[in-house]
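Numbering (the working numbering), first residue to last: 904 to 1216.
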Ligand SMILES: C[S@@+](CC[C@H](N)C(=O)[O-])C[C@H]1O[C@@H](n2cnc3c(N)ncnc32)[C@H](O)[C@@H]1O
């Protein structure tokens, strides 16, 4: 997998993003736009990142963009080979183990590396940060564009050294618990996870135990999983405000929940939202802007978009 990233002025990155986002058959598997947090908006820079399957594909796209946008001097940037995002490609290969940055997400049948091709077996044995997911009837194996987008967004939030500490996290619609479990490893935080579906809650608790994350201090974070619709549970209301809320549900419930997201956060809190298609993004952003949230990063995988937003007022 190759990463082609361009650090540009915000207006230049915006032009490039609009063009790439409108391609009918994009050669990249994911496109993200991360905004810097500069004090002076005139100096704001953005990093536009594209994930491509191989070097020739990255070089071809770079040449096309250089020709189309000669004023941006895109020849200054060099594609790099990356290991952490291998999982983006793996996500399109059925239910094989998915590599998600520092994590390897796998099912029970792959626990001992059985049924795997040679290099997978080595990877599974050698991997320290494994998350085992028994999906059963719940959603969230790491193979869907929305879950992948959330994992990318969470890793980026955890990695960015300039971020203030994220201490309290809420995972709304936890499904298998995958994002909450990953969060226990990424953040030194207490994590509450909820799902409207009691079957998903049972599965998420099972997965959290399987990964040594439920109820007690995990490697870093403390995780509790409850049955609740939205924020409707005293335990959730007592824990507010959250520094980060993750919600991979559909666009319509996200829009409905926008005022509740505001109530459940403070100035500077982050939201990672997913479950929307690309064409729903503009409408959702407009709705969340009205509640004080501005976009920080966008991840497009397959036809799905994941957004990182930050509360600015
Ligand atoms: C698309 S799945 C996401 C699962 C997992 N978080 C992931 O990213 O893979 C959405 C989950 O949200 C739950 N859900 C939908 N609406 C909800 C609501 N209002 N409150 C709590 N959970 C909800 C569903 O039951 C489902 O398990």
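No residue lacks a Cβ here, since even glycine has one placed at the ideal position from N, Cα and C.
Separation of residue 1151 and residue 1076 (C-alpha to C-alpha, rounded to the nearest whole angstrom) is 6 Å.
Around the C-beta of residue 958, fewer than 16 other C-beta atoms lie within 10 Å, and the residue is accordingly described as exposed.
Residue 1034 is bridged by DSSP to 1008. Between the C-alpha atoms of residue 1092 and residue 1072 there is a straight-line separation of about 7 Å. Placement of the Cβ of residue 1177 at a distance of less than 8 Å from at least one heavy atom of ligand 1 is found. The secondary-structure analysis by DSSP pairs residue 1180 across a beta bridge with 1207.
Proximity to residue 908 across 1179, 933, 1155, 952 peaks at 952, based on C-alpha coordinates. If only complete runs of 4 or more residues are kept, the segment 1128-1161 shows the alpha helix (DSSP H) at 1137-1142, in order along the chain. A buried status is given to residue 904, since no fewer than 16 other beta-carbon atoms sit within 10 Å of its beta-carbon. The count of Cβ pairs closer than 8 Å, one atom from the segment 1077-1086 and one from the segment 1096-1104, reaches three, so the stretches are in contact. Distance from the CA atom of residue 1204 to the CA atom of residue 1103, rounded to whole angstroms, is 24 Å.
If the five residues before and after residue 1061 are omitted, its C-beta is found closer than 7 Å to the C-beta atoms of 1089, 1090, all from its own chain and listed in chain order.
Comparing C-alpha distances from residue 937 to each of 1081, 1190, 1202, 1208 shows the shortest one belongs to 1202. For residue 1166, the closest C-alpha among the options 1135, 979, 1177 is that of 1135. Shortest Cα-Cα distance from residue 961 to any of 1068, 980, 1148, 1199 involves 980. In the structure shown, residue 1189 falls within a helical segment according to DSSP collapsed to helix, strand and coil. Distances from the CA of residue 1040 to each of 1106, 1058, 1142, 1180 were compared; the closest alpha carbon is that of 1106. In the structure shown, the three-state DSSP call for residue 982 is coil. Residue 910 and residue 949 have their C-alpha atoms some 6 Å from each other. At a cut-off of 8 Å, the beta-carbon of residue 1156 counts as near ligand 1: some heavy atom of the ligand is closer than that.
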